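Q: The opening residue of the first sequence carries number 1 in the UniProt record's numbering; numbering runs sequentially from there. Yeah, the Cβ is synthetic: ideal placement off N, Cα and C, and Gly gets one too. Note that this is a predicted model, so its numbers are computed, not measured. Pasting a structure here, questions to come.
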Amino acid sequence: MTAPTKSSHSGPSDPAAASSGVPLHAPVIDWFADHARDLPWRRPEAGAWGVMVSEFMLQQTPVSRVLPVYEQWLARWPRPADLAAEAPGEAVRAWGRLGYPRRALRLHGAAAAITERHGGDVPSDHAQLLALPGIGEYTAAAVASFAYGQRHPVLDTNVRRVFARAVTGVQYPPNATTAAERKLARALLPEQESRAARWAAASMELGALVCTAKNESCRRCPIAGQCAWRLAGKPAHEGPPRRGQTYAGTDRQVRGRLLAVLREASGAVPQSALDQVWHEPVQRARALDGLVSDGLVEPLADGLYRLPLS
DNA sequence: GAGCCGTGGAT
DNA sequence: TATCCAAGGCT
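Shown next, in the form of structure tokens:
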């Protein structure tokens, strides 16, 4: 620590300074300097495209499962235009078992839009990022921050949990992001751009490695001493139960099985092959229809199906 | 805004 | 074994 700056930007009405006069970002950024994981999309050579690909893949999917697919993806499609030149079905196939395969379709669509509208370069403008398919509030801020060093509130599930505990004093954040959370995130953002970008990555990493959903490790937390939830005795979550998603027997499971068959086939697949994956014909047909309407499957003549060529 | 959309590891 | 949950987005 060489900067004894007094953070004169924290006024009395600043929620960031409401519970404690000490800003959170300094200890968290220092902690990050020592404990950040060496992830491929954090290396300089990843570039904005690497960052963007990783963000798509990491939407609801753990780092450990993303790593191998990310490497293959970047080796095969090192630039957006390389992916855009392929059939969307190839993106779906290369997505493998990461889950939520519509993300592969959207990433392909985003690569096409980047190639057409932005000369093949991932845009650095937040609004232009937000306009791309598959990029919402979180991902736009993440790409702008991680790839271009810009100052944006980056509110993912990790950061929301860290804020809920450290500042608000509750175990878990609400199910959906609220205006209050956005306001808080903006208030906590360091003024300096490079510092804000560092804070975004650091607060996210803290939630991923230390302030985890279960079995949090306050012993290793750089802000444990100022954590409102911990200081309150770590009260258990109140309110509606956090939505638990069932899976067995759902359309999602059927869709997954159907798409797995198509992914592993080299070309078109007959209806009869798809009929093997699920016994109940109504649900099976509904799932297949859903895949087709989502653009993940292309129906051909004679009851054949394949991954989309266009 | 609630519901939907995959998959597999950890507990 | 059943449940939880992992860097969300879209309708």
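For residue 65, does the three-state DSSP call read helix, strand or coil?
A: Counting from 1 along the first sequence, the entry for residue 65 is found at position 65. The answer is helix: DSSP assigns residue 65 an H, G or I state.
Q: Indicate the three-state DSSP secondary structure (helix, strand or coil) for residue 304 in the structure shown.
A: To locate residue 304, count along the first sequence from 1; it is residue 304. In the structure shown, residue 304 sits in a strand (DSSP, three-state: E or B).
Q: Can you give the Cα-Cα distance for residue 175 and residue 242, rounded to whole angstroms?
A: The residue labelled residue 175 in the question sits at position 175 within the first sequence. The residue labelled residue 242 in the question sits at position 242 within the first sequence. Whole-angstrom Cα-Cα distance: 7 Å.
Q: Rounded to a whole number of angstroms, what is the C-alpha to C-alpha distance between residue 47 and residue 160?
A: Along the first sequence, read from residue 1 onward, the residue named residue 47 stands at position 47. Along the first sequence, read from residue 1 onward, the residue named residue 160 stands at position 160. So the alpha carbons of these two residues sit roughly 26 Å apart.
Q: Please identify the residue among 65, 56, 62, 94 whose C-alpha is closest to the C-alpha of residue 73.
A: If you number the first sequence from 1, residue 73 lands on position 73. Of the listed residues, the one whose Cα sits closest to residue 73 is 94.
Q: Report the CB separation of residue 199 from residue 25 in whole angstroms; it is logged as a contact under 8 Å.
A: Walking along the first sequence from the start, residue 199 turns up at place 199. Walking along the first sequence from the start, residue 25 turns up at place 25. With a Cβ gap of about 5 Å, residue 199 and residue 25 count as contacting.
Q: When the Cα of residue 179 is compared with those of 297, 153, 39, 87, which residue comes out closest?
A: Here residue 179 refers to the residue found at position 179 of the first sequence. Comparing Cα-Cα distances from residue 179 to each of 297, 153, 39, 87, the minimum goes to 153.
Q: Please classify residue 156 as buried or exposed, where buried requires at least 16 neighbouring CB atoms within 10 angstroms.
A: Here the question's residue 156 lines up with position 156 in the first sequence. By the neighbour-count rule (16 or more Cβ atoms within 10 Å), residue 156 is buried.
Q: So the alpha helix (DSSP H) residue 158 belongs to, where does it begin and stop?
A: Looking up residue 158 in the first sequence gives position 158. From DSSP, the alpha helix (DSSP H) with residue 158 extends over 157 to 163.
Q: When the Cα atoms are used, what is the spatial distance from residue 124 to residue 274?
A: In the first sequence, residue 124 corresponds to position 124, counting from 1. In the first sequence, residue 274 corresponds to position 274, counting from 1. If I take the Cα positions, the gap works out to 43 Å.
Q: In chain order, what residues of the same chain have a beta carbon less than 7 Å from the beta carbon of residue 265, not counting five sequence neighbours either side?
A: By one-based count along the first sequence, residue 265 stands at place 265. The answer is none, since no qualifying residue turns up.
Q: Please report the straight-line C-alpha distance between residue 12 and residue 146, rounded to a whole angstrom.
A: Counted from its first residue, the first sequence places residue 12 at position 12. Counted from its first residue, the first sequence places residue 146 at position 146. Residue confidence for residue 12 is low, a pLDDT of 31 falling below 50, so the modelled location carries little weight and cannot support an answer.
Q: Could you tell me whether the stretch 220 to 230 touches the stretch 51 to 60, using the rule of 3 or more Cβ pairs below 8 Å?
A: Touching, no.
Q: If you follow the alpha helix (DSSP H) that residue 125 is in, where does it begin and where does it stop?
A: Looking up residue 125 in the first sequence gives position 125. Premise fails: residue 125 is in no alpha helix (DSSP H) and is neither H nor E.
Q: Reducing DSSP to helix, strand and coil, say where residue 298 ends up.
A: As a position in the first sequence, residue 298 is number 298, starting the count at 1. Residue 298: strand per DSSP, three-state reduction.
Q: Nearest by alpha-carbon distance to residue 91: which of 297, 172, 122 is it?
A: Locating residue 91 in the first sequence gives position 91, counting from the first residue. It is 297 whose Cα lies nearest to the Cα of residue 91.
Q: Could you round the C-beta distance between residue 304 and residue 248 to whole angstroms and report it? I think they count as a contact, below 8 Å.
A: Here residue 304 refers to the residue found at position 304 when the first sequence is read from its first residue. Here residue 248 refers to the residue found at position 248 when the first sequence is read from its first residue. Their Cβ separation, rounded to whole angstroms, is 29 Å, which puts residue 304 and residue 248 out of contact at 8 Å.
Q: Compare the beta carbon distance of residue 88 and residue 67 with 9 Å and say whether it is the shorter of the two.
A: Working through the first sequence from its first residue, we reach residue 88 at position 88. Working through the first sequence from its first residue, we reach residue 67 at position 67. For residue 88 and residue 67, no; Cβs fall outside 9 Å.
Q: Let's test the definition: count the other Cβ atoms within 10 Å of the Cβ of residue 139 and tell me whether it reaches 16, buried, or not, exposed.
A: In the first sequence, residue 139 corresponds to position 139, counting from 1. Buried, because 16 or more other Cβ atoms sit within 10 Å of the Cβ of residue 139.
Q: Please confirm whether residue 51 and residue 80 have their CB atoms less than 9 Å apart.
A: Locating residue 51 in the first sequence gives position 51, where the first residue counts as 1. Locating residue 80 in the first sequence gives position 80, where the first residue counts as 1. Contact: no.
Q: Provide the residue span of the alpha helix (DSSP H) that contains residue 38, from first to last.
A: Along the first sequence, read from residue 1 onward, the residue named residue 38 stands at position 38. Careful: residue 38 lies outside any alpha helix (DSSP H) and carries neither H nor E.
Q: Give me, in chain order, the residues of the same chain whose beta-carbon lies closer than 8 Å to that of residue 306; leave out the 5 immediate sequence neighbours on both sides.
A: Indexing the first sequence from 1 puts residue 306 at position 306. 89, 262, 265, 267, 268, 269, 297, 298, 300, listed in sequence order.
Q: My assumption, with CB atoms under 8 Å, is that residue 151 sits in contact with residue 116. Please give the rounded CB distance.
A: Working through the first sequence from its first residue, we reach residue 151 at position 151. Working through the first sequence from its first residue, we reach residue 116 at position 116. Going by Cβ atoms, the distance from residue 151 to residue 116 rounds to 29 Å, so no, they are not a contact pair.
Q: By the 10 Å Cβ neighbour count, where 16 or more other Cβ atoms means buried, how is residue 181 classified, buried or exposed?
A: Counted from its first residue, the first sequence places residue 181 at position 181. Classification of residue 181: buried, given that the 10 Å Cβ count is 16 or more.
Q: Could you tell me the alpha carbon to alpha carbon distance between residue 18 and residue 205, rounded to whole angstroms?
A: Within the first sequence, residue 18 is the residue found at index 18, counting from 1. Within the first sequence, residue 205 is the residue found at index 205, counting from 1. Any reading at residue 18 needs caution, since the residue's pLDDT is 43, under 50, leaving its predicted position unreliable; the model's value is listed next. Each residue's Cα considered, the two are about 24 Å apart.
Q: In three-state terms, what does DSSP make of residue 270?
A: As a working mapping, residue 270 is identified with position 270 in the first sequence. Residue 270: strand per DSSP, three-state reduction.
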